[in-house]
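Since the structure comes first, as structure tokens, the remarks are kept for the end.
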Ligand code: IDP
Ligand code: MG
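Residue numbers (our numbering): 10 to 167.
Put into structure tokens, the structure is as follows:
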């Protein structure tokens, strides 16, 4: 049985605002398995690489300053359709556009300070997980870890 993995990190504003536990708790309660987690200080170089797709945008430099402005918490979440479900739980890019019930919709109003990152495709997740974690920093789940989050008693994962 194999689930999708996605890369999430809580940005410096989430940590400064003491929202780490609150946000992790939502993913945990939804049923995601935490395959890896660590505190990191994102370097300028790393931030530039991670957001290279936005290099030509006017928000790129402020974004790099934001990402390097304090510690972040990186994690790998594993579960059914993890990439899409995590993005749905995050809300829209801008806090102000995000629906109540989403993480940004409940805790953010800013266009830039929007608390967290989540991979936006399975391919991006694969690359980002490698960028943030060594293989030996990730742990495998067991049947017991997931047996009440899915019905695994028959064929497949339902
Ligand atoms: P995402 O985080 O929802 O995937 P992206 O478009 O990948 O959004 O943008 C990366 C990050 O850059 C956003 O999370 C946000 O912090 C910042 N950002 C994006 N667009 C703007 C903008 O128009 N103004 C200010 N900051 C922005
Ligand atoms: Mg993005």
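The C-beta atom is built at its ideal place from N, Cα and C for all residues, glycine as well.
Leaving out the 5 sequence neighbours to the left and right, which residues in its chain are closer than 7 Å to residue i when beta-carbon positions are compared?
i: residue 90; result: 13
i: residue 158; result: 40
i: residue 137; result: 16, 128
i: residue 23; result: 29, 32, 124, 125
i: residue 149; result: none
Have a look at residue i and residue j and give me their C-alpha separation to the nearest angstrom.
i: residue 36; j: residue 64; result: 30 Å
i: residue 114; j: residue 105; result: 7 Å
i: residue 54; j: residue 120; result: 23 Å
i: residue 161; j: residue 42; result: 15 Å
i: residue 71; j: residue 26; result: 19 Å
i: residue 51; j: residue 166; result: 36 Å
i: residue 47; j: residue 94; result: 22 Å
i: residue 107; j: residue 99; result: 8 Å
Can you look up residue i in the DSSP assignment and give me helix, strand or coil?
i: residue 26; result: coil
i: residue 83; result: strand
i: residue 166; result: coil
i: residue 105; result: helix
i: residue 114; result: helix
i: residue 17; result: strand
i: residue 72; result: helix
Enumerate in chain order the residues of its own chain whose CB-to-CB distance from residue i is below 6 Å, with the five nearest sequence positions on each side excluded.
i: residue 49; result: 81, 83
i: residue 123; result: 104, 113, 117
Kindly say whether residue i, judged by its beta-carbon, lies nearer than 9 Å to any beta-carbon of chain B.
i: residue 128; result: Among the chains in the structure shown there is no chain B, since it carries only a single protein chain.
Among the residues of its own chain, which have a CB less than 8 Å from the CB of residue i, if the five just before and after it don't count?
i: residue 20; result: 75, 76, 81, 122, 123, 124, 125, 126
i: residue 130; result: 92
Runs of beta strand (DSSP E) lying entirely within the segment 39 to 68, each at least 3 residues, in chain order
42 to 49
Quiz: which residues have CB nearer than 7 Å to the ligand MG non-hydrogen atoms
126, 129
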